[in-house]
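Going from the sequence shown to the numbering used here is simple: count from 1 and add 123.
We treat Cβ as the ideally placed atom computed from N, Cα and C, and that holds for glycine.
Inspection log for the structure reproduced underneath, given as structure tokens.
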Amino acid sequence: MKACLLVILIGLVAAFVGIVPLLKRRADRYMLFSVFLFYFLMPYVVYHIKLPGINEWFTGPVVTLVLVLPLVIAQGKGYKKCIFPMLLTAIGIGFFIAFMGHFLVN
């Protein structure tokens, strides 16, 4: 139970941090909601996936970056100024999720 609450809390923090660059770039509410939901669910995915040959510290950034690519492609046509910040934010939030998972959840 405690681990589930920690994953939800980490997801909320990651989601709010993930939408900050898009708020600065004035993205519309649909893009903000999709990115918020993506980063909210990402800790659950990262903590339940094991990649062979990749250290647990790099699992978060790799999984987050790979899974954000369809979102970037889908939203990128109308928001070309948001592509690079979304990719950088995905890497940063991936490290945050891995760090928090290593010290709090495991």
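Around the Cβ of leucine 145, a 10 Å sphere holds 16 or more other Cβ atoms; the residue is buried. Histidine 225 sits in a helix when the DSSP states are folded into three classes. In the three-state scheme derived from DSSP, where H, G and I count as helix and E and B as strand, alanine 137 is classed as helix. Here glycine 176 is exposed: its Cβ has fewer than 16 other Cβ atoms, across all protein chains shown, within 10 Å. A distance below 6 angstroms between beta-carbons, with the five flanking residues on each side excluded, links proline 166 to the following residues of its chain, in chain order: Val130, Ile133, Gly134, Ile220. Burial is judged here by how many other beta carbons sit within 10 angstroms of a residue's own beta carbon; methionine 124 has fewer than 16 and is exposed. Take the alpha-carbon of glycine 215 and the one of isoleucine 206: they are about 15 angstroms apart. For arginine 149, there is no enclosing alpha helix (DSSP H), since its DSSP letter is neither H nor E. The residue from Val168, Leu210, His225 with its alpha-carbon nearest to that of valine 191 is Leu210.
The three-state secondary structure of proline 193, taken from DSSP, is helix.
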